[in-house]
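What follows is one structure encoded as structure tokens, with my remarks underneath.
Protein chains: 2
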Amino acid sequence: MPTAAAPSVTTRELTDRECWDYLAAREYGRIAVIRDGEPAIYPIGYAVAPGGIRIRTRIGSKLLAILIDGRVAFEVDDLDEHVARSVMVVGWAEQLDAHDAAESSTPVAPYAGADAHAVLLITPTRITGRELSLDAATVRSP
Amino acid sequence: MPTAAAPSVTTRELTDRECWDYLAAREYGRIAVIRDGEPAIYPIGYAVAPGGIRIRTRIGSKLLAILIDGRVAFEVDDLDEHVARSVMVVGWAEQLDAHDAAESSTPVAPYAGADAHAVLLITPTRITGRELSLDAATVRSP
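Protein chains in written order, with my numbering: chain A, 1 to 142; chain B, 143 to 284.
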């Protein structure tokens, strides 16, 4: 039996519908931004809402300053022993005004804290998703 | 009982040692890069190795092209009902030559596939980590 064997992987692109269903069924992802010319990643709670992805953060926070009117990537993933899936939204983040924020059904993500009153909407310009399946029957030597 | 209550959150910065211990105990994270001027996130298997973080991908892959000699952020996180933790490494990714790659103990991350022969080293220039704890005793109304 080969010692460095790895299973073969089948990749499938998710449809837009599958991507949104995937996001709607979850509530915790990561957001990537460009900060001072370099990428940065922050885990964050979210909710799928009309128009895109809504997130909360503290007013005056460092993250808010980076996000406002900025190009962002938002990603959610999971994996188990057989399948790995990930969905990525690329878009623009903008802060909602008090009226729109008040109408928001965005849940208060627990780790955002009770003072996370700034609500942002990420408007997607692109959504992509992939599902990787391990084919245990075709384990082979590299 | 308030309907929009959220617990208060205590934030603690992790020490460098705690960050590395956290990374060494896990094997699955996300890498963020700047692609055509916008951020992008990819989930990826990894191993902590001397000098930084080692990852594998396919030779000739799109990800490899983006990563080589590029500024990257690498992040691992987890959360449960009480604590959320995340560690981020910012650094440079470079492809190891065949000799160094062969000496690598980097496991073949299953979802990288059997043909993931390109081994990259992310050399950290900065590592940061945070632990957020929910204080259930201080639940309050916003």
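The beta-carbon is built from N, C-alpha and C at its ideal position, and this holds for glycine as well. No experiment lies behind these values; they were computed from the predicted model shown.
Collapsed DSSP secondary structure at residue i in the structure displayed
i: residue 195 of chain B; result: strand
i: residue 280 of chain B; result: Low confidence applies to residue 280 of chain B: its pLDDT is 47, below 50, so where it sits in the model is not reliable enough to give any reading.
i: residue 166 of chain B; result: helix
i: residue 273 of chain B; result: strand
i: residue 14 of chain A; result: coil
i: residue 114 of chain A; result: coil
i: residue 121 of chain A; result: strand
i: residue 3 of chain A; result: Any reading at residue 3 of chain A must be qualified, since the residue scores a pLDDT of 44, below 50, and its modelled position is unreliable; the value itself is stated next. DSSP places residue 3 of chain A in coil when its eight states are reduced to three.
Under 9 Å by beta carbon: chain A residues contacting residue i
i: residue 172 of chain B; result: 30, 32, 41, 75, 77 and 86
i: residue 243 of chain B; result: Going along chain A, no residue has its Cβ under 9 Å from residue 243 of chain B, so there is no contact; the nearest lies around 12 Å.
i: residue 189 of chain B; result: Result: empty, since nearest Cβ-Cβ is about 14 Å, beyond 9 Å.
7 Å Cβ cut-off: residues of chain A touching residue i
i: residue 238 of chain B; result: Those do not exist, as residue 238 of chain B stays about 16 Å from chain A at its closest Cβ, beyond 7 Å.
Start and end residues, beta strand (DSSP E) containing residue i
i: residue 42 of chain A; result: 38 to 45
i: residue 238 of chain B; result: First-last for residue 238 of chain B: undefined, no H or E at that position.
i: residue 207 of chain B; result: Careful: residue 207 of chain B lies outside any beta strand (DSSP E), inside the alpha helix (DSSP H) at 204 to 209.
i: residue 79 of chain A; result: 70 to 79
8 Å Cβ cut-off: residues of chain A touching residue i
i: residue 253 of chain B; result: 9, 79, 84, 132 and 134
i: residue 180 of chain B; result: 34, 71, 73 and 90
Inter-residue CB distance, residue i and residue j (contact presumed, cutoff 8 Å)
i: residue 131 of chain A; j: residue 12 of chain A; result: 5 Å
i: residue 146 of chain A; j: residue 14 of chain A; result: Nothing in the structure corresponds to residue 146 of chain A, since chain A is present only between 1 and 142.
i: residue 214 of chain B; j: residue 264 of chain B; result: 6 Å
i: residue 89 of chain A; j: residue 34 of chain A; result: Rounded, the Cβ-Cβ distance is 16 Å, inconsistent with contact.
i: residue 164 of chain B; j: residue 271 of chain B; result: 6 Å
i: residue 56 of chain A; j: residue 98 of chain A; result: 14 Å between Cβ atoms; not a contact.
i: residue 43 of chain A; j: residue 219 of chain B; result: 4 Å
i: residue 75 of chain A; j: residue 183 of chain B; result: 4 Å
i: residue 235 of chain B; j: residue 262 of chain B; result: 5 Å
i: residue 115 of chain A; j: residue 58 of chain A; result: 5 Å
i: residue 151 of chain B; j: residue 113 of chain A; result: 4 Å
Chain-ordered neighbours of residue i on chain B, where CB pairs are closer than 8 Å
i: residue 93 of chain A; result: Those within 8 Å of residue 93 of chain A in chain B number zero; the least Cβ separation is about 11 Å.
Chain B residues whose Cβ lies nearer than 9 Å to that of residue i
i: residue 119 of chain A; result: Per Cβ cutoff of 9 Å: no residues; residue 119 of chain A is ~12 Å from chain B at best.
Closer than 8 Å to chain E by CB, residue i
i: residue 166 of chain B; result: No chain E appears in the structure shown, which is made up of the protein chains A and B.
Residues in the stretch 49 to 78 of chain A having any Cβ partner in chain B nearer than 7 Å:
Hits within the stretch, in order: 71, 72, 73, 75 and 77.
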